[in-house]
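Trainee: Starting off with a structure, shown below.
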Ligand SMILES: C[S@@+](CC[C@H](N)C(=O)[O-])C[C@H]1O[C@@H](n2cnc3c(N)ncnc32)[C@H](O)[C@@H]1O
């Protein structure tokens, strides 16, 4: 027996959306096209690093019109995650709809100096990793209150090779009381009813119910009330969702615009996707834009939130607790070490010297330098991937494609070095081996192992 709901059943189940779309309501023929596209899968999409030429990646793509680093795969048989370039961090896999929020945040534009960004609802880190790649001299705070979601966030941030970030795990209200009014840009990619995820089977049809929409809208409003107070006067708040209900999108923007000091900040680059009279709201639709769909809005905030004395970016670090000494091995694994580090139980995070002074008191994660198993400290996988900053492995080997594949599958590889050594392919770091007598023992964490071909 076939348990799959018929098209007619699905169409009926989606009917609550007709009312939920509000001002974005459609004629019946368009709603039919929308609901069919909503329940379908769209082409995989990838987001390249700014220094990568899409022509080098080895599978056919077409540009995504709203985000200059985004491409859709044109061959459905291709699995981008099965490539060496993916393993080497040349691109991230990300739905094209998610790139609307990145466009609204200008994550593909040349970085401005000293940009301090907060990604308030950050896990699993698709957008945070894009923001971090564009950070330049700035710094990213990626906040995720749900502790169990921090590991994938940390992994995705590490893949960028940057050390200019920290992870916090605070409710937005608490975060605002600590770091109110300091961020140039706050991205609030709020938890939502997730209607755009229906086609990928990652969401149930309950996502279109009135109860679910109201519950999500209320939760998001609490987050947004704090988000505006995290923005420095004259800075920007970008709100985004992956849902279509007006109550979770334009209605929230109208509510924000009713707050003192919040004004619309229209984005010329997204004019083709403008959604309504708020003047700063943008939408992508599955039936018009061949992606899962999304919403983004851009608001300027001029709110005089209280600024804690210690929160300024690049202020001289206060003389506080003395830093714990680094374990002895560290000096041998790396040519140079950053001066700022923090030992947090069984891990050590290391930041650039000009990182904000408040990190120590707020970090629940950061660019890892080393981790401890039992009494033994080892270099962290994240430290092997570092591209920016002073941290450089003392030893590395560049391997050919078959050896890189062997390494990525978790196997030992031939290696003439002695001790900890970073494995690279075409100059891109893949992870550590500990080498002795011609063999490099594989130290790739389970989460980073993959079969590429
Ligand atoms: C839509 S997802 C974010 C996706 C992420 N920005 C990305 O691009 O990978 C929303 C996130 O908000 C988190 N969240 C849940 N409740 C929250 C709250 N009260 N404040 C902030 N974030 C919350 C969820 O755990 C989830 O990770």
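Residue numbers (full-length UniProt numbering): 1 to 453.
Every residue gets a Cβ at the ideal spot worked out from N, C-alpha and C, and that includes glycine.
Excluding the 5 residues preceding and the 5 following residue 103 in the sequence, name in chain order all residues of the same chain whose CB lies nearer than 7 Å to its CB.
Mentor: The count along the chain shown starts at 1 and reaches residue 103 at position 103. These residues qualify, in order along the chain: 66, 67, 269 and 270.
Trainee: Return helix, strand or coil for residue 189, following the three-state DSSP convention.
Mentor: One-based indexing of the chain shown puts residue 189 at position 189. Strand.
Trainee: Which ranges does the alpha helix (DSSP H) cover as unbroken runs of at least 4 residues, wholly within the stretch 339-427, from first to last along the chain?
Mentor: Whole alpha helix (DSSP H) segments, 4+ residues: 359-362, 381-385 and 401-408.
Trainee: Whole angstroms is fine: what's the gap from residue 453's alpha carbon to residue 405's?
Mentor: Within the chain shown, numbered from 1, the residue matching residue 453 stands at position 453. Within the chain shown, numbered from 1, the residue matching residue 405 stands at position 405. So the alpha carbons of these two residues sit roughly 7 Å apart.
Trainee: Determine contact between the stretch 83-95 and the stretch 420-428, defined as no fewer than three beta-carbon pairs at a distance below 8 Å.
Mentor: Touching, yes.
Trainee: Can you tell me the Cα-Cα spacing of residue 385 and residue 211, whole angstroms?
Mentor: On the chain shown, residue 385 is found 385 positions in, with the first residue counted as 1. On the chain shown, residue 211 is found 211 positions in, with the first residue counted as 1. Residue 385 and residue 211: Cα-Cα distance of roughly 44 Å.
Trainee: With hydrogens ignored, establish whether the beta-carbon of residue 146 is closer than 8 Å to any heavy atom of ligand 1.
Mentor: Counting from one through the chain shown, the residue named residue 146 turns up at place 146. Residue 146: yes, Cβ under 8 Å from ligand 1.
Trainee: Helix, strand or coil for residue 123? Go by DSSP, reduced to three states.
Mentor: Taking the chain shown and counting its residues from 1, one reaches residue 123 at position 123. If DSSP states are grouped into helix, strand and coil, residue 123 belongs with coil.
Trainee: If you draw a straight line from the alpha carbon of residue 311 to that of residue 379, how long is it in whole angstroms?
Mentor: To locate residue 311, count along the chain shown from 1; it is residue 311. To locate residue 379, count along the chain shown from 1; it is residue 379. Summary for residue 311: the model assigns pLDDT 48, below 50, so the residue's position carries little reliability; its value from the coordinates is reported in the next sentence. Roughly 30 Å between the two C-alpha positions.
Trainee: Where does residue 172 land, buried or exposed, given buried means 16+ other C-beta within 10 angstroms?
Mentor: Against the chain shown, residue 172 aligns to sequence position 172. Buried, because 16 or more other Cβ atoms sit within 10 Å of the Cβ of residue 172.
Trainee: For ligand 1, is there a heavy atom less than 8 Å away from the beta-carbon of residue 120?
Mentor: Residue mapping note: residue 120 aligns to position 120 of the chain shown, counting from 1. True, at least one ligand heavy atom lies under 8 Å from that Cβ.
Trainee: If we ignore side chains and look at the alpha-carbon of each, how far apart do residue 408 and residue 450 end up?
Mentor: Along the chain shown, one-based indexing puts residue 408 at 408. Along the chain shown, one-based indexing puts residue 450 at 450. If you take the alpha carbons of residue 408 and residue 450, they lie about 6 Å apart.
Trainee: Which residues mark the beginning and the end of the alpha helix (DSSP H) in which residue 178 is found?
Mentor: Taking the chain shown and counting its residues from 1, one reaches residue 178 at position 178. Where residue 178 is concerned, the enclosing alpha helix (DSSP H) stretches over 172-179.
Trainee: Is the Cβ-Cβ distance between residue 397 and residue 141 less than 9 Å?
Mentor: In the chain shown, residue 397 corresponds to position 397, counting from 1. In the chain shown, residue 141 corresponds to position 141, counting from 1. Against a cut-off of 9 Å, the Cβ pair of residue 141 and residue 397 comes out as no contact.
Trainee: Cβ of residue 184 versus every heavy atom of ligand 1: is any distance shorter than 8 Å?
Mentor: Looking up residue 184 in the chain shown gives position 184. Outside the cutoff, so no.
Trainee: Helix, strand or coil: which one does DSSP assign to residue 228?
Mentor: Taking the chain shown and counting its residues from 1, the one referred to as residue 228 is at position 228. Helix, per DSSP.
Trainee: Compute every distance between the C-beta of residue 187 and the non-hydrogen atoms of ligand 1, then say whether any falls below 8 Å.
Mentor: Walking along the chain shown from the start, residue 187 turns up at place 187. Checking the Cβ of residue 187 against ligand 1 gives yes.
Trainee: Indicate the three-state DSSP secondary structure (helix, strand or coil) for residue 253 in the structure shown.
Mentor: Translated into the one-based positions of the chain shown, residue 253 becomes position 253. Reduced to three states, the DSSP call for residue 253 is helix.
Trainee: Just list the residues that DSSP pairs residue 336 with in beta bridges.
Mentor: Along the chain shown, read from residue 1 onward, the residue named residue 336 stands at position 336. Answer by DSSP bridge pairing, in chain order: 392.
Trainee: Count the other C-beta atoms from every protein chain shown that fall within 10 angstroms of the C-beta of residue 119, then say buried if there are 16 or more, exposed otherwise.
Mentor: As a first step, residue 119 must be located in the chain shown, where it is residue number 119. Buried, since its Cβ has 16 or more Cβ neighbours within 10 Å.
Trainee: Just how far apart, CA to CA, sit residue 227 and residue 99?
Mentor: Here residue 227 refers to the residue found at position 227 of the chain shown. Here residue 99 refers to the residue found at position 99 of the chain shown. Residue 227 and residue 99: Cα-Cα distance of roughly 21 Å.
Trainee: With H, G and I counted as helix, E and B as strand and the rest as coil, what does DSSP make of residue 138?
Mentor: To locate residue 138, count along the chain shown from 1; it is residue 138. It is coil, neither helix nor strand.
Trainee: If you check the beta carbons only, do residue 151 and residue 355 fall under 9 Å apart?
Mentor: Position 151 of the chain shown, counted from the first residue, corresponds to residue 151. Position 355 of the chain shown, counted from the first residue, corresponds to residue 355. Against a cut-off of 9 Å, the Cβ pair of residue 355 and residue 151 comes out as no contact.
Trainee: What residues in its chain sit with their C-beta under 6 Å from that of residue 11, if we drop five residues either side in the sequence?
Mentor: In the chain shown, counting from the first residue as 1, residue 11 sits at position 11. Closer than 6 Å at Cβ, skipping near neighbours: 35.
Trainee: In whole angstroms, give me the CA-to-CA distance for residue 72 and residue 94.
Mentor: For the purposes of this step, residue 72 is identified with residue 72 of the chain shown, where counting begins at 1. For the purposes of this step, residue 94 is identified with residue 94 of the chain shown, where counting begins at 1. For residue 72 and residue 94, the distance between alpha carbons rounds to 10 Å.
Trainee: Cβ of residue 149 within 8 Å of any heavy atom in ligand 1?
Mentor: The residue labelled residue 149 in the question sits at position 149 within the chain shown. It does: the Cβ of residue 149 is within 8 Å (strictly closer) of some heavy atom of ligand 1.
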